[in-house]
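Participant: Residue numbering for the sequence shown follows my numbering, starting at -9 and increasing by one per position.
Even for Gly, the Cβ is constructed at its ideal location relative to N, Cα and C.
Since the structure is predicted, the reported quantities are computational estimates derived from the model, not experimental observations.
Okay, handing you the structure first.
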Amino acid sequence: MSSVRTWLAENSPEEIEHFLGEVTRLRLESGRVNKLCSSLSDYDFIEAKINHPKFGVRSLIEDYELIENAELSDRPEYNSETLEDLKLIKQALQLSAHILDRDTKQLAGQLTGRLLLFKKQTKIQQLLQKISQTEIQCLLPLTPSLTPPGNGLIGTLTGHTDSVNAIAISHDDQYVVSGSKDKTIKVWDIATGQEIRTLSGHTDSVNAIAISHDDQYVVSVSSDKTIKVWLLATGEEIRTLSGYSYWVFTIAISHDDTCVFSASDYTVEVWLLATGEEICTLSDHIDRVNGIAISRVEDIAISHEDDKYVVSGFRDNTIKVCSIIAPGEEICTLSGHTDSVDAIAISHDDQYVVSGSRDNTIKVWDIATGEEICTLSGHSDWVLAIAISHKDRYVVSGSKDNTIKIWSLATGEEIRTLSGHSDSVFAIAISHDDRYVVSGSNDNTIKVWSLAIGEEIRTLSGHSDSVNAIAISHKDKYVVSGSWDNTIKIWKRKTGEEIRTLSGHSDSVNAIAISHDDQYVVSGSKDKTIKVWDIATGEKIRTLTGHSDRVFAIAISHKDKYVVSGSDDNTIKIWKKETGEKIRTLSGHSHSVFAIAISHKDKYVVSGSGDNTIKVWDIATGQEIRTLTGHSDWVFAIAISHDDRYVVSGSKDKTIKVWKRETGEEIRTLTGHFDLVFAIAISQDDRYVVSGSRDNTIKIWDIASGEEIITFRGENSIDCCAITSDGGTIIAGDRSGKVHFLRLKCDEVES
């Protein structure tokens, strides 16, 4: 037992509270730097402070900031390497804060997954060794599969229950304001990531947010056809502007805070912020307005200078520059995009317009001449959000490809890509000191990133898109993963080292199975084909064709005689593994077949479908034996116990069900996931079920009692999982392309 753990065990609650609350300050003031650094890198101290009801992770982070802000270079105990280690530990805690706020049991796994990369940092290695030796029940990453410090991401803000459509930052850089499809607006402290308040009143999706330049007001627009004005300081609703006949999409406030510009359907309206009075309509457009930006010049509403513009982007692929001074006067139209223009920004010196389009490109235009200066290409899907840094050095873009890209405005060069969202990035804002980028996504989260270009970026190996399928070889030597990036990767199970990549599918790989002699990998793809590969060489042996739509599921019989596939064409096909010959087609589902499992005696096929049912089939005859009903939504995952007694299913209805295979009787329902369940695996001894969900968690359950035993929370949707034959390691793939190797630390399971 460590000295900290011993001390905590021997002292009163009052003494413990005083120690945890004051020890950092007292040691700093008394100059005991070594002692202070030891406590801030001691797992027992970190765990005790996070779990204390008076403190928690935010208070612990403040301890690290105390030592960061102190002048210690003249102290005899000063050690720059140690202080750098503490900074990395603090940043790891910041990245995990939104998770630890909800579940402090995630501490060991979060620190390990984020800090394993730092093999040369003494204090970090001591901390990780202590975690591995501590008696805790957890899933401990074996590879650095969580975002590490120094990778651009600073923190994640969670609280919205639906897509985050809009982001604005107050002009003093203290607050982030977000608007969501969940009909609410939230105000957050940008420094701590804590939610300050929620503004409720809209009855439909909040589509856009703007903050007045004096930071007094928040203005929001919604699909409920209204505009609302709120006090930023209190959240009080001041007024509602209604009367629109269509959804209101976008909003901007003039730089003197007198006028608000809003777009609904084909018009841009101008009204007074102080009274809500409508002044005029700037123009009638031939198609819907998707974005507005106002030129960065003073006195937009009342000034009579000639260079006052409203710039709008349209679904007709054009951008229009209109005069504010002469309402309705169109100055020029910028043409060049080949699809709808969804995002617009104007440089702060009023020289450039930057546009983002569904044609996957960003264009930079000269606002005075309308000339296209350059095109920025790199996103693989629609560009949905654009922001320009306040010193006009960088363009930041958010895309439907789930990434954020930072570009040089001067050269158009792509500087870096920020990956971490698991769905489309709808909103981007940059702090006024150009330190932070804040993004809002369809994954319901807000992320805060560093804009600093000099910061070291650490790249984690893995797939470049969602990992949909995982299989472990039967001798536990290899892990094989399939991804939306069209590739299959083979990894060493013990180390997580990537051995090789198999390329050949022309679309996403949705399913993977390994033959029981560990010689072959079989993959199913969105390209409607099934491929057989040699696992030792990576050579493609044959391609099986016959499905008329995407292949979602693959299983291999335990004697390696058959390959069974499930497809979006609603059918199941049985093939001879050795020749690729199609034996029969099983028809009966009325929707896509998402999941397939074969009983261990090779007698039955069990399938899960988008028709909410599970079917049991005779593999020899193709006859449907029975249908299991009980799920209220699509069935995405199926597993059969090794004794063939039970079927376990995971569904879009967020539940896991355990069924008797022979009778179809539902035995129990496991509840605890907050989103759909994509993946199911059963331990070799049939005692435990492992599940992966879009709520970013992996859970282990006792199959007999239905009790939840352990949870590991990742950063993205867990789309597939598998468990080694000894039950000691769980492998999971997530929506960002990472493969997690997780060691099971749990006396109950290990025994």
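Between which two residues does the alpha helix (DSSP H) carrying His730 extend?
Facilitator: Along the sequence shown, read from residue 1 onward, the residue named residue 730 stands at position 740. Not the alpha helix (DSSP H): His730 falls in the beta strand (DSSP E), residues 729 to 735.
Participant: Could you compute how far the alpha carbon of Ala712 sits from the alpha carbon of Ser589?
Facilitator: Numbered from its first residue, the sequence shown carries residue 712 at position 722. Numbered from its first residue, the sequence shown carries residue 589 at position 599. Within the model, the alpha-carbon separation for Ala712 versus Ser589 is close to 17 Å.
Participant: Does DSSP put Ile292 in a helix, in a strand, or in coil?
Facilitator: On the sequence shown, position 302 is the one that residue 292 refers to. Any reading at Ile292 needs caution, since the residue's pLDDT is 25, under 50, leaving its predicted position unreliable; the model's value is listed next. Coil, per DSSP.
Participant: Does the separation of the CB atoms of Gly717 and Asp675 fall below 8 Å?
Facilitator: Along the sequence shown, read from residue 1 onward, the residue named residue 717 stands at position 727. Along the sequence shown, read from residue 1 onward, the residue named residue 675 stands at position 685. In contact: Gly717 and Asp675 (Cβ atoms closer than 8 Å).
Participant: What whole-angstrom Cβ distance do Ile525 and Val512 have, given they're in contact under 8 Å?
Facilitator: In the sequence shown, residue 525 corresponds to position 535, counting from 1. In the sequence shown, residue 512 corresponds to position 522, counting from 1. Between Val512 and Ile525 the Cβ distance is about 10 Å, and since that is not below 8 Å, they are no contact.
Participant: Go ahead and label Arg270 buried or exposed: buried means 16 or more other beta carbons lie within 10 angstroms of its beta carbon, across all protein chains shown.
Facilitator: As a position in the sequence shown, residue 270 is number 280, starting the count at 1. A quick correction: the sequence has Cys, not Arg, at residue 270. With fewer than 16 Cβ atoms within 10 Å of its Cβ, Cys270 is classed as exposed.
Participant: Given a cut-off of 8 Å on the beta-carbon distance, is the pair Val638 and Ile646 in contact?
Facilitator: Reading the sequence shown from its first residue, position 648 is the one you call residue 638. Reading the sequence shown from its first residue, position 656 is the one you call residue 646. Their beta carbons are under 8 Å apart, which means Val638 touches Ile646 by this criterion.
Participant: Between the beta-carbon of Thr687 and the beta-carbon of Arg703, is there less than 8 Å?
Facilitator: In the sequence shown, residue 687 corresponds to position 697, counting from 1. In the sequence shown, residue 703 corresponds to position 713, counting from 1. Their beta carbons are under 8 Å apart, which means Thr687 touches Arg703 by this criterion.
Participant: Please classify Asn59: is it buried, with 16 or more other beta-carbons within 10 angstroms of its beta-carbon, or exposed?
Facilitator: For the purposes of this step, residue 59 is taken as residue 69 along the sequence shown, with counting starting at 1. Classification for Asn59: exposed.
Participant: Using the Cα positions of Asp559 and Asn602, report the straight-line distance between them to the nearest angstrom.
Facilitator: By one-based count along the sequence shown, residue 559 stands at place 569. By one-based count along the sequence shown, residue 602 stands at place 612. A straight line joining the alpha-carbon of Asp559 with that of Asn602 spans about 16 Å.
Participant: Compute the distance between the beta-carbons of Ile672 and Ser641, then report whether it is under 8 Å.
Facilitator: As a position in the sequence shown, residue 672 is number 682, starting the count at 1. As a position in the sequence shown, residue 641 is number 651, starting the count at 1. Result no, Cβ atoms of Ile672 and Ser641 do not sit closer than 8 Å.
Participant: Closer than 8 Å is the cut-off here; do at least three beta carbon pairs connect the segment 577 to 587 with the segment 595 to 614?
Facilitator: yes
Participant: Write down the C-beta distance between Trp439 and Ile144 rounded to the nearest angstrom, noting that I regard them as a contact closer than 8 Å.
Facilitator: Counting from 1 along the sequence shown, the entry for residue 439 is found at position 449. Counting from 1 along the sequence shown, the entry for residue 144 is found at position 154. Indeed they touch by this definition, with Cβ atoms about 6 Å apart.
Participant: Can you tell me where the beta strand (DSSP E) holding Ile525 begins and where it ends?
Facilitator: For the purposes of this step, residue 525 is taken as residue 535 along the sequence shown, with counting starting at 1. Where Ile525 is concerned, there is no enclosing beta strand (DSSP E), given that its DSSP letter is neither H nor E.
Participant: Could you give the DSSP three-state label for Gly368: helix, strand or coil?
Facilitator: For the purposes of this step, residue 368 is taken as residue 378 along the sequence shown, with counting starting at 1. If DSSP states are grouped into helix, strand and coil, Gly368 belongs with coil.
Participant: Under 8 Å, do Ala335 and Ala377 count as touching if we go by C-beta distance?
Facilitator: As a position in the sequence shown, residue 335 is number 345, starting the count at 1. As a position in the sequence shown, residue 377 is number 387, starting the count at 1. Yes, they are a contact pair.
Participant: If you count every other CB in all the chains shown that lies within 10 Å of the CB of Ser577, and 16 or more means buried, which is it?
Facilitator: Counting from 1 along the sequence shown, the entry for residue 577 is found at position 587. When all chains shown are included, Ser577 counts as exposed.
Participant: Should Thr485 go down as buried or exposed, given a rule of 16 or more other Cβ atoms within 10 Å for buried?
Facilitator: As a working note, residue 485 is residue 495 in the sequence shown. Thr485 comes out exposed.
Participant: Using the C-alpha atoms, what's the distance from Tyr468 back to Ile573?
Facilitator: Taking the sequence shown and counting its residues from 1, the one referred to as residue 573 is at position 583. Taking the sequence shown and counting its residues from 1, the one referred to as residue 468 is at position 478. Their backbone Cα atoms lie some 30 Å apart in a straight line.
Participant: List in chain order: all unbroken beta strand (DSSP E) runs of 3+ residues lying wholly within the segment 125 to 188.
Facilitator: 128 to 131, 143 to 147, 154 to 159, 165 to 170, 174 to 179
Participant: Starting from the N-terminal side, write out each stretch of the alpha helix (DSSP H) that is 4 residues or longer and does not extend beyond the segment 17 to 75.
Facilitator: 23 to 30, 33 to 41, 47 to 59
Participant: Measure the C-alpha to C-alpha separation of Thr477 and Ala669 and round it to an integer number of angstroms.
Facilitator: Your numbering for residue 477 matches position 487 in the sequence shown. Your numbering for residue 669 matches position 679 in the sequence shown. Cα to Cα, the separation comes out at about 20 Å.
Participant: Looking at Ile352 and Val343, is the spacing between their C-beta atoms short of 8 Å?
Facilitator: Position 353 of the sequence shown, counting from 1, holds the residue named residue 343. Position 362 of the sequence shown, counting from 1, holds the residue named residue 352. The answer is no: Cβ separation not under 8 Å.
Participant: Report the residue from Gly360, Thr328, Asp329, Phe304 whose alpha carbon sits nearest the alpha carbon of Ile321.
Facilitator: For the purposes of this step, residue 321 is identified with residue 331 of the sequence shown, where counting begins at 1. Proximity to Ile321 across Gly360, Thr328, Asp329, Phe304 peaks at Gly360, based on C-alpha coordinates.
Participant: Taking Ile436 and Val154 to be in contact with their CB atoms under 8 Å, please state how far apart those CB atoms are, rounded to whole angstroms.
Facilitator: As a position in the sequence shown, residue 436 is number 446, starting the count at 1. As a position in the sequence shown, residue 154 is number 164, starting the count at 1. The C-beta distance from Ile436 to Val154 rounds to 6 Å, short enough to meet the 8 Å contact threshold.
Participant: Which same chain residues, not among the five before or five after Gly326, have their C-beta less than 7 Å away from its C-beta?
Facilitator: The residue given as residue 326 occupies position 336 in the sequence shown. Excluding residues within five positions, the ones whose Cβ falls inside 7 Å are Lys353, Glu362.
Participant: Name the DSSP bridge partner or partners of Arg490?
Facilitator: In the sequence shown, counting from the first residue as 1, residue 490 sits at position 500. Per DSSP, Ile480.
Participant: Based on the DSSP output, what are the partners of Leu408 in its beta bridges?
Facilitator: The residue given as residue 408 occupies position 418 in the sequence shown. According to DSSP, which records beta bridges pairwise, Leu408 is partnered with Ile394.
Participant: Which residue wins for smallest C-alpha separation from Ile721, given the options Gly556, Lys465, Ala461?
Facilitator: Along the sequence shown, one-based indexing puts residue 721 at 731. Taking only the C-alpha atoms, the option nearest Ile721 is Ala461.
Participant: Output the boundary residues of the beta strand (DSSP E) element that contains Ala442.
Facilitator: For the purposes of this step, residue 442 is taken as the residue at position 452 of the sequence shown. Counting along the chain, Ala442 falls outside any beta strand (DSSP E), and DSSP gives it neither H nor E.
Participant: Which residues does DSSP pair with Asp356 in a beta bridge?
Facilitator: As a position in the sequence shown, residue 356 is number 366, starting the count at 1. Asp356 is bridged to Tyr342.
Participant: If you compare alpha carbons, which of Val300, Val331, Tyr299 is closest to Thr308?
Facilitator: What you label residue 308 is simply residue 318 of the sequence shown in a count that begins at 1. Measuring from the Cα of Thr308, the nearest candidate turns out to be Val331.
Participant: Using the Cα positions of Leu189 and Val219, report the straight-line distance between them to the nearest angstrom.
Facilitator: In the sequence shown, counting from the first residue as 1, residue 189 sits at position 199. In the sequence shown, counting from the first residue as 1, residue 219 sits at position 229. Leu189 and Val219: Cα-Cα distance of roughly 11 Å.
Participant: So, with DSSP's three-state summary, where would you put Lys110?
Facilitator: Position 120 of the sequence shown, counted from the start, is the residue given in the question as residue 110. The answer is coil: DSSP assigns Lys110 none of H, G, I, E or B.
Participant: How would you write the range of the alpha helix (DSSP H) that Leu(-2) sits in, first residue to last?
Facilitator: Numbered from 1 along the sequence shown, position 8 holds the residue referred to as residue -2. Where Leu(-2) is concerned, the enclosing alpha helix (DSSP H) stretches over -7 to 0.
Participant: For my contact list, His411 and Ser429 are in at a C-beta cut-off of 8 Å; report their separation, rounded to the angstrom.
Facilitator: In the sequence shown, the residue the question calls residue 411 occupies position 421. In the sequence shown, the residue the question calls residue 429 occupies position 439. About 7 Å; that satisfies the 8 Å criterion.
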